[in-house]
């Protein structure tokens, strides 16, 4: 798992990279969160060697990683998926073969759209409650019992109320994930107006706080 598309390309396709040293019977698994379009190209290169490629990004945050309860979204060949399943089961609980190569990354981008919008909605709702004189902690407690309940309200909402923002998922990586949604929509000539733009949702933090931000969605 590396930060972004260029790093995956380097690891896989440089002269002494993964593609140069593998062949039939091998499986390459990339668990980074990168471009679905680039993933399809990388998979084609790996598959040409006789090996098989699985894109398998994850969701669930630091808590899910430590507890081995991650959600793993996989794209690739079904037989390769079955071979790799014991490995995935050692890291996660909700493990889904979404479709072919690139579909795992597509699912992750969809995940990030939902997460980003939920973070923004929870922040605005709790601010609204506070500005109107209500106790945001009590408002959150009430909302947790209805349709507004979500993992974001549960975890991030509590952090917002308590003002605890311990280092976790890097802000620049969250920006990268949102850019994948926007660039993907442009590539498909599709309208995608709803996801908050990275500049509005998670502007670059000063160097002193750059490692902090939301825990991995």
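Numbering (the numbering used here), first residue to last: 2 to 218. Glycine is no exception: its CB is placed at the ideal position from the N, C-alpha and C atoms. Every value quoted in this text rests on a predicted model; they were computed, and no experiment measured them.
Same chain, Cβ closer than 7 Å to residue i, neighbours up to 5 away in sequence not counted
| i | result |
| --- | --- |
| residue 85 | 28, 30, 55 |
| residue 137 | 127, 130, 131, 162 |
| residue 23 | 29, 50, 52 |
Neighbourhood of residue i by C-beta, 8 Å cutoff - its chain only, sequence neighbours within 5 removed
| i | result |
| --- | --- |
| residue 154 | 119, 123, 141, 144, 145 |
Straight-line gap, residue i to residue j (C-alpha atoms, nearest Å)
| i | j | result |
| --- | --- | --- |
| residue 65 | residue 91 | 12 Å |
| residue 59 | residue 179 | 15 Å |
| residue 101 | residue 77 | 4 Å |
| residue 172 | residue 95 | 25 Å |
| residue 165 | residue 159 | 8 Å |
| residue 6 | residue 135 | 44 Å |
| residue 139 | residue 114 | 27 Å |
DSSP state of residue i mapped onto helix, strand, coil
| i | result |
| --- | --- |
| residue 151 | coil |
| residue 35 | coil |
| residue 178 | helix |
| residue 107 | helix |
| residue 97 | strand |
| residue 15 | coil |
| residue 185 | helix |
| residue 137 | helix |
| residue 89 | helix |
Buried or exposed (CB count within 10 angstroms, at least 16 for buried), residue i
| i | result |
| --- | --- |
| residue 98 | buried |
Heavy atom of the ligand COA within 7 Å of residue i beta-carbon
| i | result |
| --- | --- |
| residue 151 | As far as ligands go, the structure on display features none, and thus does not contain the ligand COA. |
Margin query: Ignoring anything shorter than 3 residues, give me the beta strand (DSSP E) runs that lie fully in the stretch 29 to 86, in order along the chain.
Written below: With a minimum length of 3 residues, the continuous beta strand (DSSP E) runs that stay inside the stretch 29 to 86 are 53 to 56, 71 to 76.
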